[in-house]
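Q: Below: one structure in structure tokens.
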Amino acid sequence: MNKTSEGNRGREVGQQLRTENMENGKDAGLENEEDETFYDFQLFITQMKDPRAEPIVKYTRSFLHNFVTQKSLWSASEQVKLINDFKEFIYSKLALYEPFKGLDKAKFHNAKEGIEKLIMSKLYSRCFSPCLADESEALDASHARDLEEDKELADKALEYRFLLPNHLEVSDKFLPKIDAFAKMAGKELGRVNQYRAPRDKMVCILNACKVIFGFLKHSKLSNKGADAFIPMLIYAVLKSDVSCLESNLNYVERFRSPDSMRGESAYYLSSLQAAADFILHLNRESLSISDTEEFETLYAENKLQADQERARRDTHEGPGSEAEHYRRVRSPSPTRDIMGSVFSKVTEIFSPSPTPALPETDESVTAPATFVSPRNLSTAIANSTAAANSTSDNEAAATELARKMEQEENTRVFDSLQSMFPEMDQDLISDVCIAKKYRIGVCVDVLLTLSN
Numbered sequence: 001m002n003k004t005s006e007g008n009r010g011r012e013v014g015q016q017l018r019t020e021n022m023e024n025g026k027d028a029g030l031e032n033e034e035d036e037t038f039y040d041f042q043l044f045i046t047q048m049k050d051p052r053a054e055p056i057v058k059y060t061r062s063f064l065h066n067f068v069t070q071k072s073l074w075s076a077s078e079q080v081k082l083i084n085d086f087k088e089f090i091y092s093k094l095a096l097y098e099p100f101k102g103l104d105k106a107k108f109h110n111a112k113e114g115i116e117k118l119i120m121s122k123l124y125s126r127c128f129s130p131c132l133a134d135e136s137e138a139l140d141a142s143h144a145r146d147l148e149e150d151k152e153l154a155d156k157a158l159e160y161r162f163l164l165p166n167h168l169e170v171s172d173k174f175l176p177k178i179d180a181f182a183k184m185a186g187k188e189l190g191r192v193n194q195y196r197a198p199r200d201k202m203v204c205i206l207n208a209c210k211v212i213f214g215f216l217k218h219s220k221l222s223n224k225g226a227d228a229f230i231p232m233l234i235y236a237v238l239k240s241d242v243s244c245l246e247s248n249l250n251y252v253e254r255f256r257s258p259d260s261m262r263g264e265s266a267y268y269l270s271s272l273q274a275a276a277d278f279i280l281h282l283n284r285e286s287l288s289i290s291d292t293e294e295f296e297t298l299y300a301e302n303k304l305q306a307d308q309e310r311a312r313r314d315t316h317e318g319p320g321s322e323a324e325h326y327r328r329v330r331s332p333s334p335t336r337d338i339m340g341s342v343f344s345k346v347t348e349i350f351s352p353s354p355t356p357a358l359p360e361t362d363e364s365v366t367a368p369a370t371f372v373s374p375r376n377l378s379t380a381i382a383n384s385t386a387a388a389n390s391t392s393d394n395e396a397a398a399t400e401l402a403r404k405m406e407q408e409e410n411t412r413v414f415d416s417l418q419s420m421f422p423e424m425d426q427d428l429i430s431d432v433c434i435a436k437k438y439r440i441g442v443c444v445d446v447l448l449t450l451s452n
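By the UniProt record's numbering, the letter at position 427 of the sequence shown is numbered 427, and the numbering carries on one by one without gaps.
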């Protein structure tokens with residue numbers, strides 16, 4: 001098929017997919033209902049800025065303030081209970097106040113997602129174990145175990161990153177496709193440290209798993225179920241550079257709303273937990289070794305390089321050091337994490353720190369009247385106008401930044417898919433991306449179907 005005809009086919013496929021979306025009310029070919037759940041975080045932010053939402057704002061601000069001031073370090077189990085209790089409480093309050101109480105089911109669910117993202121992004125430094133590494137002596141057993149298992153998993157992954165697919169009983173019939181898809185899945189999984197909210201981290205896990213599942217399905221291996229999926233997932237983790245995987249998995253399990261951890265999400269999270277556990281306990285007896293001499297040669301070659309990298313990591317400063325590593329995972333990149341960029345510009349009223357938090361009672365919020373003399377009236381008006389313009393400018397800048405971030409993410413997905421399917425026409429890939437809203441796992445599935 002030539003480029004022109006393939007491009008025409010791409011446009012036809014894209015139009016067909018978009019038509020199916022409109023007719024069915026959801027994307028064709030998706031098996032997971034959660035993928036189609038309405039989600040618009042900027043809408044939630046707009047709703048929270050509505051004056052009628054002031055009671056919700058006050059409850060949220062009060063919870064955040066109390067969480068960080070009543071105790072310096074909560075245990076993981078205490079954190080889970082406090083946060084779940086608050087979410088249950090605030091979700092019931094959403095149904096009482098506009099602009100939330102009149103929402104349909106989908107938009108009300110969106111508001112609940114927004115609440116979770118808001119509070120967990122604000123409390124990230126208190127709840128994500130790597131952020132507490134400097135407090136190791138005062139940590140509870142769960143947070144301390146997260147850090148220990150992160151290090152153990154990193155050591156094991158470094159020790160056995162040379163493994164070949166057949167060592168994990170993964171058929172090498174489809175090489176080099178296996179490596180290509182494992183690498184892509186690993187990259188998606190590695191993005192988990194760029195986000196604070198449990199939902200955003202879970203999306204990274206879903207994307208990685210869907211890339212692998214799409215490959216297995218179109219390689220006629222998916223009928224083997226977990227026997228094919230988990231070894232491929234183990235291989236992807238070993239070939240990735242994901243940091244603090246155990247901490248991320250436990251963070252999602254602890255703080256993602258249970259109602260959202262069903263079906264595909266629950267299966268993929270538990271599968272990744274199983275893969276991580278396998279790597280933690282990995283040894284020669286765990287593997288399928290047909291050529292012992294070849295295995296020992298590969299192991300020895302990797303060990304020399306791994307020892308050097310481990311020595312750098314265990315130093316206090318410099319590239320690759322443990323200190324530098326923790327600095328990266330504690331502070332997700334503001335260019336990637338919408339909470340670190342757009343959200344921070346419009347939600348300062350939710351700051352959990354004592355200083356900027358506003359008083360909680362209606363009476364104390366009321367500001368005293370200020371007399372403005374005629375001589376100062378023009379100055380007062382100018383200052384007021386400037387403040388209003390500044391707020392408007394900040395919101396416009398936040399909206400523009402969100403648009404740019406979305407565009408950047410869409411470009412990243414398109415480029416990744418193009419590298420995975422170099423023989424496929426760009427118009428075809430573009431139309432599939434648009435029709436499937438740039439969800440990389442679903443796009444991979446469709447493109448594999450078309451390539452076959």
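Note that CB positions come from ideal geometry on N, CA and C, so glycine has one too.
Fair warning: this is a prediction, and the values are worked out from it, not measured in the lab.
Taking the C-alpha atoms as reference points, what is the distance between N250 and Y195?
A: By one-based count along the sequence shown, residue 250 stands at place 250. By one-based count along the sequence shown, residue 195 stands at place 195. Going by the C-alpha atoms only, they are around 15 Å apart.
Q: Considering Q79, what are the terminal residues of the alpha helix (DSSP H) in which it resides?
A: Along the sequence shown, one-based indexing puts residue 79 at 79. Start and end: 76-94.
Q: Between the alpha carbons of K151 and D415, how many angstroms are there, rounded?
A: Translated into the one-based positions of the sequence shown, residue 151 becomes position 151. Translated into the one-based positions of the sequence shown, residue 415 becomes position 415. If you take the alpha carbons of K151 and D415, they lie about 32 Å apart.
Q: So the candidates are P99, P55, I212, C127; which of them puts its Cα closest to the Cα of E78?
A: Taking the sequence shown and counting its residues from 1, the one referred to as residue 78 is at position 78. Among P99, P55, I212, C127, the Cα nearest to that of E78 is on C127.
Q: Can you list, in chain order, the residues of its chain whose CB lies under 8 Å from that of A303, leaving out five sequence neighbours each side?
A: Taking the first residue of the sequence shown as position 1, residue 303 is located at position 303. The identity of residue 303 in the sequence shown is Lys, whereas the question assumes Ala. Counting only Cβ-Cβ distances below 8 Å, and skipping sequence neighbours, we find E159.
Q: Does the distance from the CB of K210 to the CB of I434 come in under 9 Å?
A: Against the sequence shown, residue 210 aligns to sequence position 210. Against the sequence shown, residue 434 aligns to sequence position 434. Not closer than 9 Å, so no.
Q: Note down, one range per segment and in chain order, each alpha helix (DSSP H) of at least 4 residues found wholly within the UniProt domain "VPS9" (147-288).
A: Runs of the alpha helix (DSSP H) inside the UniProt domain "VPS9" (147-288): 177-190, 198-218, 226-239, 245-255, 263-280.
Q: Rounding to the nearest angstrom, what Cα-Cα distance links Y235 and L168 in this structure?
A: The residue given as residue 235 occupies position 235 in the sequence shown. The residue given as residue 168 occupies position 168 in the sequence shown. The straight-line gap from Cα to Cα measures roughly 8 Å.
Q: Check each candidate in R403, I90, H218 and name the one with the smallest Cα separation from Y59.
A: As a first step, residue 59 is located in the sequence shown; it is residue number 59 there, counting from the start. Measuring from the Cα of Y59, the nearest candidate turns out to be I90.
Q: Once DSSP output is grouped into helix, strand and coil, what is the label at Y39?
A: Mapped onto the sequence shown, residue 39 falls at position 39. Three-state DSSP puts Y39 in coil, outside helix and strand.
Q: Give every residue of the same chain whose Cβ lies closer than 7 Å to the Cβ of A138, excluding the five residues on either side of it in the sequence, and list them in chain order.
A: Here residue 138 corresponds to residue number 138 of the sequence shown, with the count starting at 1. Only L73 meet the Cβ criterion.
Q: Go to residue 478, then tell me how far its alpha helix (DSSP H) extends in each direction, as first and last residue.
A: Any property of residue 478 remains undetermined from this structure, which presents the chain solely from 1 to 452.
Q: Would you call S240 buried or exposed, if buried means 16 or more other Cβ atoms sit within 10 Å of its Cβ?
A: In the sequence shown, the residue the question calls residue 240 occupies position 240. Burial call: buried.
Q: Counting only the same chain and skipping the five closest in sequence on each side, list residues whose C-beta sits under 6 Å from that of A182.
A: Stepping through the sequence shown from its first residue, residue 182 is reached at position 182. Cβ neighbours of A182 beyond the five flanking positions: Y235, A236, K239.
Q: Return helix, strand or coil for K436, following the three-state DSSP convention.
A: The sequence position of residue 436 within the sequence shown is 436, counting from 1. Note: K436 maps to coil in three-state DSSP.
Q: Which residue from E246, S290, S142 puts its Cα closest to that of E270?
A: Residue 270 sits at position 270 when you count from the first residue of the sequence shown. The sequence given here places Ser at residue 270; Glu does not occur at that position. Minimum Cα distance to S270 is reached at E246.
Q: For a quick check, are the C-beta atoms of Y97 and I56 less than 9 Å apart?
A: As a first step, residue 97 must be located in the sequence shown, where it is residue number 97. As a first step, residue 56 must be located in the sequence shown, where it is residue number 56. Contact: yes.
Q: Determine the burial state of R262: buried for a count of at least 16 other Cβ atoms within 10 Å of its Cβ, exposed for fewer.
A: Locating residue 262 in the sequence shown gives position 262, counting from the first residue. Looking at its Cβ environment, which holds fewer than 16 other Cβ atoms inside 10 Å, R262 is exposed.
Q: Using only the alpha-carbon positions, how far apart do P51 and Q70 sit?
A: Counting from one through the sequence shown, the residue named residue 51 turns up at place 51. Counting from one through the sequence shown, the residue named residue 70 turns up at place 70. Taking the straight line from one Cα to the other gives about 29 Å.
Q: Which word fits G186, buried or exposed, when buried means at least 16 other C-beta atoms lie within 10 angstroms of its C-beta?
A: Working through the sequence shown from its first residue, we reach residue 186 at position 186. Burial call: buried.
Q: In terms of residues, what are the limits of the alpha helix (DSSP H) holding A311?
A: Against the sequence shown, residue 311 aligns to sequence position 311. 292-313 is the span of the alpha helix (DSSP H), which, as asked, contains A311.
Q: Return helix, strand or coil for S384, following the three-state DSSP convention.
A: Along the sequence shown, one-based indexing puts residue 384 at 384. For S384, the pLDDT reaches just 49, beneath the cut-off of 50, and the residue's location in the model is therefore unreliable, leaving the point undetermined.
Q: How many angstroms separate the CA atom of A276 from the CA atom of L153?
A: Here the question's residue 276 lines up with position 276 in the sequence shown. Here the question's residue 153 lines up with position 153 in the sequence shown. Those two C-alpha atoms are separated by around 7 Å.
Q: When the distance is taken between beta carbons, is L448 closer than 9 Å to K201?
A: Residue mapping note: residue 201 aligns to position 201 of the sequence shown, counting from 1. Residue mapping note: residue 448 aligns to position 448 of the sequence shown, counting from 1. Contact: no.
Q: When you compare the CB positions of K156 and L280, do they come within less than 9 Å of one another, or not?
A: Looking up residue 156 in the sequence shown gives position 156. Looking up residue 280 in the sequence shown gives position 280. Yes, the Cβ-Cβ distance between K156 and L280 is below 9 Å.
Q: Between which two residues does the alpha helix (DSSP H) holding Y59 run?
A: Working through the sequence shown from its first residue, we reach residue 59 at position 59. First-last of the alpha helix (DSSP H) with Y59: 54-69.
Q: Please classify D146: is it buried, with 16 or more other beta-carbons within 10 angstroms of its beta-carbon, or exposed?
A: In the sequence shown, counting from the first residue as 1, residue 146 sits at position 146. With 16 or more Cβ atoms within 10 Å of its Cβ, D146 is classed as buried.
Q: Between T315 and E301, what straight-line distance do the alpha-carbon atoms span, to the nearest angstrom?
A: Within the sequence shown, residue 315 is the residue found at index 315, counting from 1. Within the sequence shown, residue 301 is the residue found at index 301, counting from 1. C-alpha separation (whole angstroms): 23 Å.
Q: Which stretch, first to last residue, makes up the alpha helix (DSSP H) that contains E116?
A: Numbered from its first residue, the sequence shown carries residue 116 at position 116. Residues 105-122.
Q: Measure the CB-CB distance between S129 and C204 and report whether it falls below 9 Å.
A: Along the sequence shown, read from residue 1 onward, the residue named residue 129 stands at position 129. Along the sequence shown, read from residue 1 onward, the residue named residue 204 stands at position 204. Taking 9 Å as the Cβ cut-off, S129 and C204 do not qualify as a contacting pair.
Q: Under 8 Å by Cβ, that's how I've got Q42 and A402 pegged, so tell me the actual separation to the nearest angstrom.
A: Against the sequence shown, residue 42 aligns to sequence position 42. Against the sequence shown, residue 402 aligns to sequence position 402. Right, the Cβ-Cβ distance comes to about 6 Å (below 8 Å), so this counts as a contact.
Q: Please classify N207: is it buried, with 16 or more other beta-carbons within 10 angstroms of its beta-carbon, or exposed?
A: Taking the first residue of the sequence shown as position 1, residue 207 is located at position 207. It is buried - the Cβ of N207 has at least 16 other Cβ atoms within 10 Å.
Q: Alpha carbon to alpha carbon, how far is G214 from R61?
A: As a working note, residue 214 is residue 214 in the sequence shown. As a working note, residue 61 is residue 61 in the sequence shown. Rounded to the nearest angstrom, the two C-alpha atoms are 43 Å apart.
Q: Ordered along the chain, which non-local residues of its own chain (more than five positions away) have a Cβ less than 8 Å from that of E135?
A: Here residue 135 is taken as the residue at index 135 of the sequence shown, counted from 1. Excluding sequence neighbours, E135 sits near L73.
Q: Consult DSSP for G441 and reduce its assignment to one of helix, strand or coil.
A: Numbered from its first residue, the sequence shown carries residue 441 at position 441. In the structure shown, G441 sits in a helix (DSSP, three-state: H, G or I).
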